[in-house]
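Each residue of the sequence shown is one higher than the one before, counting from 897 in my numbering.
Report on one structure; see the data block that follows.
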Amino acid sequence: MPDFVKSGRQKIRILRRKDYGAACVILLALVVLQGAFVFRQPNSKSDDSGKGNSIYDAWKPIRSVCVLNGKSTAPVPVILISRGRSGSSSTWQVMSNLTGYMTSSIEYTGSNTKQATYFFNEIVGAYEALQNGNWILDYMCAAQEKYPSAGIVGFKWKPYIDPSFHGEFINSLKLLAFKQQVKVVRLRRNILDVTISTEKHRRFEADAHCKKDEADCIKQHLGIKFKLPTKWLFHKLERLSEEEDEVDWLLDELGVPHVKVNYEKLYNNETDVNEWIRIFNFLGVGPTKGLSREQVINAQEHASTHSPRHSDMLQNYEEVRNVLVGTKFERLLH
897 MPDFVKSGRQ KIRILRRKDY GAACVILLAL VVLQGAFVFR QPNSKSDDSG
947 KGNSIYDAWK PIRSVCVLNG KSTAPVPVIL ISRGRSGSSS TWQVMSNLTG
997 YMTSSIEYTG SNTKQATYFF NEIVGAYEAL QNGNWILDYM CAAQEKYPSA
1047 GIVGFKWKPY IDPSFHGEFI NSLKLLAFKQ QVKVVRLRRN ILDVTISTEK
1097 HRRFEADAHC KKDEADCIKQ HLGIKFKLPT KWLFHKLERL SEEEDEVDWL
1147 LDELGVPHVK VNYEKLYNNE TDVNEWIRIF NFLGVGPTKG LSREQVINAQ
1197 EHASTHSPRH SDMLQNYEEV RNVLVGTKFE RLLH
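What follows is the structure, given as structure tokens:
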């Protein structure tokens, strides 16, 4: 059994024993105190790109006490939690545009484990006022001030968990359970599709996303066909499944207010919009009646860049199919 499977299972065992002591010791050992600390804060410019990075023009400390605006007209603070390659950018576009206008969708804590480790240890860990989840409130307060007429504000959180920042990760979720004004949308996608998309973008020089009018970009994506490694495919899917279940378990166990939604129900049904309505009902803002699939499509700024059939994307589809048929992951094939 590969090491990454063992480590995934070990993490769940540690979490379910609530044995957080070891993780906290590692966290304290790795935190580097910095004399001059700066923290990201949104500027006043609107972000229409859907990429989010352009709204950050400065790093500066936020030292004042944050009190979220709870008025009914204030933007709802939202965190979208999902793995990479799970449709989070398009999902944020739809949520933003159908509740007001497009706001940032930056992957605030980082796009991978290395970036998340830096964020929690070198940034949050260096500034006491941001610890115990207060970095979330600082971001949300600044975003509410900069986008007062938006329907929602917030960020995407890729839920990478590493022992070096495990304690702060848990404390951040505990704050969300206490400060129930911040809403969490938990998005999951077929992990075989996530694996294929991740491998495609790792191997080929293609843009992460294509806008609807970027015909060459879309053509490039749809023209890519490759062999998916199968040696450890079952074990990789098992690890990803365990990690996704771990996040769901933490949200439930800690009492974080959230709604769980499914990528396939959001995007692969040509008529049904009930999954979107579940989101807007939970947020308390946006269309909950009379929503059409056409409205959802119009609210998306990115085009679909994958085929509905794995056989169109994979040169070794039959090999992949043979590995998964008869296992619990057979249902992921399409």
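Beta carbons: idealized from backbone N, C-alpha and C, even for Gly.
CA-to-CA distance, residue j to residue i, given in whole angstroms
i	j	result
W988	F1015	22 Å
N1212	C962	53 Å
T999	K1010	26 Å
W1145	I1032	21 Å
G1186	A1195	15 Å
I1092	Y1023	39 Å
E1142	A1199	31 Å
Y997	K1096	31 Å
W955	K1123	Here W955 scores only 34 on pLDDT, less than 50, and its place in the model is too uncertain to base an answer on.
E1018	A1012	10 Å
V1049	D1148	23 Å
D1168	K1127	37 Å
N939	H1206	With a pLDDT of 39 at N939, under the threshold of 50, the modelled position of this residue cannot be trusted, and the question is left open.
N1165	E1041	37 Å
For residue i, the nearest candidate out of the options (CA to CA)
i	options	result
S1001	M991, N1165, G1063, I1087	M991
K1224	V974, L1162, H1131, E1142	H1131
P1125	A1038, V1216, A1195	V1216
K1161	G996, R1084, Y1035	R1084
E1197	L964, V974, G983, G1006	G983
C1106	P1183, T1201, R1098, N1030	T1201
D876	Q1077, L1118, S1203	There is simply no residue 876 to check, as the chain begins at 897 and stops at 1230 in what is shown.
L1071	R1135, Q1027, A1012	Q1027
S968	S1045, G1006, A1111, A1102	S1045
N1008	G1029, R1098, E1041	R1098
C1037	N1017, T1094, P971	P971
Y1004	T995, N993, A1039, K1108	A1039
H1154	G1006, F1074, P1183	F1074
R1082	G1222, N1165, Y1159	Y1159
7 Å Cβ cutoff met for residue i and residue j
i	j	result
E1226	L1220	yes
V1232	G1047	Only positions 897 to 1230 of the chain appear in this structure, which leaves residue 1232 out of reach.
L1150	L1069	yes
I1120	F1100	yes
Q1116	L964	no
L1079	L1179	Looking at the sequence itself, residue 1079 is Lys, so the reference to Leu does not match. Yes.
I1087	L1129	no
N1067	G1029	yes
Counting pairs of Cβ atoms below 8 Å between the stretch 1159 to 1179 and the stretch 1189 to 1200, do you hit three or more?
Verdict: yes, contact present.
Stretch-stretch touch, CB-based, cutoff 8 Å, three pairs: the stretch 1041 to 1058 with the stretch 975 to 982:
Touching, yes, given that three or more Cβ pairs across the two stretches are closer than 8 Å.
Unbroken stretches of the alpha helix (DSSP H), 4 residues or longer, contained in the stretch 1007 to 1044
Counting only runs of at least 4 residues, the stretch 1007 to 1044 fully encloses the following alpha helix (DSSP H) elements, listed from N- to C-terminal order: 1009 to 1014, 1030 to 1042.
What are the uninterrupted segments assigned as alpha helix (DSSP H) that are 4 or more residues long and contained completely in the stretch 1120 to 1185, given in chain order?
Qualifying alpha helix (DSSP H) stretches, in chain order: 1129 to 1150, 1159 to 1163, 1170 to 1179.
Taking only runs of the alpha helix (DSSP H) that begin and end inside the stretch 1086 to 1113, which ones reach a length of at least 4 residues, in chain order?
1087 to 1099, all fully within the stretch 1086 to 1113.
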